[in-house]
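Inspection log for the structure reproduced underneath, given as structure tokens.
In structure tokens form, the structure reads like this:
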């Protein structure tokens, strides 16, 4: 069976980006390691290199995790668009399992290609960075060998996670019934929802258990700095729970955001569209929620830390001289690193929104037939995109604020020798950047689908397929 | 010893078939105690107005939907409680489908669409089967179009491809669901002629669901459904006779 790789280009983009990021980061770590080893003062210390490696791995794991979630959602969207074709093949006698295996195979193929692109582009990016850094005297020239076998690791990780994510995302293939090839087939909302009991329970258990650990970590953090490790496990567990239960968490947020868009028919329909298929809208937003949560968590923790340092600075100015600049650089570097994961999430959102508009050609044609103007149609799609982006951003900021404060509290609560309550630092600049980015994302995500939607002729809705 | 459907010369049989949707006061009865047998090698038309249950009957006989009462056989196989995977294999090897909306795979060319049932079965056609497919493609006038995609073909040509696909595996039974519904009347007649020929010359059993009297007049046998029951079972009839009966059903109701 010939594959329809064309549907899979968004997945390829995500895989290639994650691969590029991982490979480039490892090369840069290697470069820094080589520079440190060459330096006479620090050359003996293997610790710095080790820490660099650990930090790089953490960020690579985060990027791969985000891209896996994005890919699973993209594949689920692709499958939704192929329902009729899958139903036809099932009708003629293809088994559900072979249909699913087909999609997983596409995932593996796309993941491999993405990994290869990642190795190439990542190495190129690292070389470019090195030349710039050496030319501007930021870094001495090193004898770093770009044939670093370690870069195979992120590449393999990308290929395998894309494959797995495609497998997970394709589970709804199993629900396509052959009879859907005949007559009209609809996304079956109620049926879908009723099957989520196991998933809901898992989500609740994870959230409850995770929040428990988070609280324990914060309390422990009042006396021991290790509390942050417990809190981190709690954070990961509870957040995974939220991701699993996204189809319950997101619709109320979307409904609230939708009310803010006024009561014109286009705005009302846009709000309805965003809520109508909880499965679909949570699929579209959750990647971005993850990205924004990561960025916010990190920014809030750093800001709280910075406030603590500033307070100490006011008390003993001479001890903390020159700390400001170092802090700024550290924050900037980490923000770029974590921001990359948010970028992957944003791309995922643009993809799923475009795909889902394309899949609704008939419905858009119907609106035109009923008398919607092109202008109204465009506004509807922009509003829908804005509702989704805004809901994801707000949810991410709220979650990130909570996690960020928990992180700062558990890490710094006992820093002064006695248990204190750390006030959460509010990174206003970061919130501003996030909101502007959300606006840009809304436009980016809606331009192509809106143009496509405006080309839909009203007669499409009336034609028999 | 139990009598098998095939002993009676039947290719498909249903007994006491019932299908209800919903519960309580909102129950809709689509089929009500239907029993019938389709004879091997015959071209049978199943007629009835919209909502008479003819599509539901076809879906159940093809294993696409399950009845709420009664049993269903294809050949000597009781398919009433077959698993999804067993039904999948059954559809692949023993049933063919022709639809109103053609339902070809848009990314495959004509050849790919016709060979699809074999590809799904994970095997290549034997020499004998290949000869049969070549003959089919020739007699359906598709030889010059093998490399064309569905969107490059007219409606009539697309339906010929669908017929070739349905007949390629020499299935026990071909189901045709309003096969002329999307075609102009001349092309529709050609398609019906092809189905009738497949039945007469190759002994292919065909069950066609339609509400078009002209289409039904090509069949060897015509079953009329109304309100989920069989109300008439006749041999070959002219379009006028069929129309007259349909009208009388409307008047009686």
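Residue numbers (our numbering), protein chains in the order written: chain C, 503 to 967; chain V, 3 to 255.
Each residue gets a CB set at the ideal place from its N, CA and C atoms; glycine is no exception.
Cα-Cα separation, residue i to residue j
i                      : j                      : result
residue 679 of chain C : residue 182 of chain V : 25 Å
residue 806 of chain C : residue 925 of chain C : 7 Å
residue 853 of chain C : residue 747 of chain C : 22 Å
residue 240 of chain V : residue 577 of chain C : 53 Å
residue 734 of chain C : residue 675 of chain C : 35 Å
residue 800 of chain C : residue 731 of chain C : 15 Å
residue 81 of chain V  : residue 590 of chain C : 20 Å
residue 737 of chain C : residue 911 of chain C : 13 Å
residue 152 of chain V : residue 107 of chain V : 8 Å
residue 216 of chain V : residue 226 of chain V : 14 Å
residue 504 of chain C : residue 668 of chain C : Caution applies to residue 504 of chain C, whose pLDDT of 45 falls short of 50 and renders its modelled position unreliable; the model cannot decide the point.
residue 694 of chain C : residue 717 of chain C : Here residue 694 of chain C scores only 49 on pLDDT, less than 50, and its place in the model should not be relied on; the value that follows carries that caveat. Going by the C-alpha atoms only, they are around 34 Å apart.
residue 688 of chain C : residue 45 of chain V  : The pLDDT assigned to residue 688 of chain C is 43, lower than 50, so where the model puts this residue is not dependable; a value taken from the coordinates is nonetheless given after this. Their backbone Cα atoms lie some 33 Å apart in a straight line.
residue 531 of chain C : residue 865 of chain C : 51 Å
residue 640 of chain C : residue 605 of chain C : 47 Å
residue 160 of chain V : residue 235 of chain V : 32 Å
residue 250 of chain V : residue 58 of chain V  : 23 Å
residue 967 of chain C : residue 528 of chain C : Note that residue 967 of chain C scores 43 on pLDDT, short of 50, meaning its location in the model is unreliable; the coordinates nonetheless yield the value given after this. Each residue's Cα considered, the two are about 51 Å apart.
residue 846 of chain C : residue 520 of chain C : 8 Å
residue 86 of chain V  : residue 601 of chain C : 14 Å
residue 593 of chain C : residue 20 of chain V  : 23 Å
residue 783 of chain C : residue 101 of chain V : 34 Å
residue 677 of chain C : residue 595 of chain C : 15 Å
residue 195 of chain V : residue 220 of chain V : 7 Å
residue 744 of chain C : residue 894 of chain C : 13 Å
residue 631 of chain C : residue 808 of chain C : 29 Å
residue 715 of chain C : residue 897 of chain C : 22 Å
residue 122 of chain V : residue 112 of chain V : 16 Å
Integer-rounded CB distance, given that residue j should sit under 8 Å from residue i
i                      : j                      : result
residue 892 of chain C : residue 759 of chain C : 5 Å
residue 109 of chain V : residue 72 of chain V  : No, residue 109 of chain V and residue 72 of chain V are not in contact; Cβ-Cβ is about 39 Å, not under 8 Å.
residue 60 of chain V  : residue 211 of chain V : 5 Å
residue 825 of chain C : residue 815 of chain C : 7 Å
residue 654 of chain C : residue 513 of chain C : Wrong, their Cβ atoms sit about 21 Å apart, outside the cutoff.
residue 617 of chain C : residue 657 of chain C : 4 Å
residue 664 of chain C : residue 708 of chain C : Actually they are not in contact, since the Cβ atoms of residue 664 of chain C and residue 708 of chain C sit about 24 Å apart, beyond 8 Å.
Environment of residue i [buried if 16+ CB atoms lie within 10 Å]
i                      : result
residue 30 of chain V  : exposed
residue 624 of chain C : buried
residue 49 of chain V  : buried
residue 133 of chain V : exposed
residue 646 of chain C : buried
residue 569 of chain C : buried
residue 214 of chain V : buried
residue 186 of chain V : exposed
residue 722 of chain C : buried
residue 905 of chain C : buried
residue 619 of chain C : buried
residue 692 of chain C : Because residue 692 of chain C carries a pLDDT of 41, less than 50, the predicted location of this residue cannot be relied on, and the following value inherits that uncertainty. Looking at its Cβ environment, which holds fewer than 16 other Cβ atoms inside 10 Å, residue 692 of chain C is exposed.
residue 117 of chain V : buried
residue 873 of chain C : exposed
residue 137 of chain V : exposed
residue 124 of chain V : exposed
Residue nearest to residue i in terms of C-alpha spacing, selected from the options
i                      : options                       : result
residue 848 of chain C : C:831, C:934 and C:795        : C:795
residue 969 of chain C : C:632, C:862, C:902 and C:828 : Nothing can be reported for residue 969 of chain C: it is not among the residues displayed for chain C, which extend from 503 to 967.
residue 960 of chain C : C:909, C:868, C:664 and C:952 : C:868
residue 564 of chain C : C:649, C:659, C:885 and C:644 : C:659
residue 23 of chain V  : V:14, V:34 and V:15           : V:34
residue 901 of chain C : C:809, C:790 and C:557        : C:790
residue 968 of chain C : C:672, C:719 and C:937        : Since the displayed chain C opens at 503 and closes at 967, residue 968 of chain C lies outside it and no answer follows.
residue 96 of chain V  : V:68, V:158 and V:63          : V:63
residue 781 of chain C : C:771, C:753 and C:766        : C:753
residue 775 of chain C : C:887, C:556 and C:633        : C:887
residue 77 of chain V  : V:204, V:253 and V:8          : V:8
residue 229 of chain V : V:55, V:47 and V:15           : V:55
Any C-beta of chain D under 9 Å from that of residue i
i                     : result
residue 57 of chain V : In summary, chain D is missing from the structure at hand, where the protein chains are C and V.
Residue i CB to nearest heavy atom of the ligand ADP below 8 Å
i                      : result
residue 682 of chain C : Only the bare structure without any ligand can be found here, which leaves the ligand ADP out of the picture.
> Which residues, in order along the segment 656 to 680 of chain C, keep a beta-carbon less than 7 Å from a beta-carbon of chain V?
Replying inline: 680
>> Using a Cβ-Cβ cutoff of 9 Å, what residues of the segment 147 to 160 of chain V are near chain C? List them in chain order.
In response: none
> What residues from the segment 56 to 79 of chain V come within 7 Å of chain C, judged by C-beta to C-beta, listed N to C?
Replying inline: 61, 66 and 67
>> Tell me which residues of the segment 101 to 125 of chain V have at least one Cβ-Cβ distance to chain C shorter than 9 Å, keeping chain order.
In response: 101, 102, 103, 105, 106, 107, 108, 109, 110, 114, 118, 119, 121, 122, 123 and 124
>> Any C-beta of chain C within less than 8 Å: which residues of the segment 172 to 190 of chain V qualify?
In response: 179 and 184
> Mind listing which residues of the segment 4 to 31 of chain V have their C-beta closer than 9 Å to chain C's C-betas, in chain order?
Replying inline: none
> In chain order, what residues of the segment 565 to 596 of chain C put their CB closer than 8 Å to some CB of chain V?
Replying inline: 587, 590, 591, 592, 593, 594, 595 and 596
> Listed in chain order, which residues of the segment 82 to 94 of chain V have Cβ atoms closer than 9 Å to some Cβ of chain C?
Replying inline: 86, 87, 89, 90, 91, 92, 93 and 94
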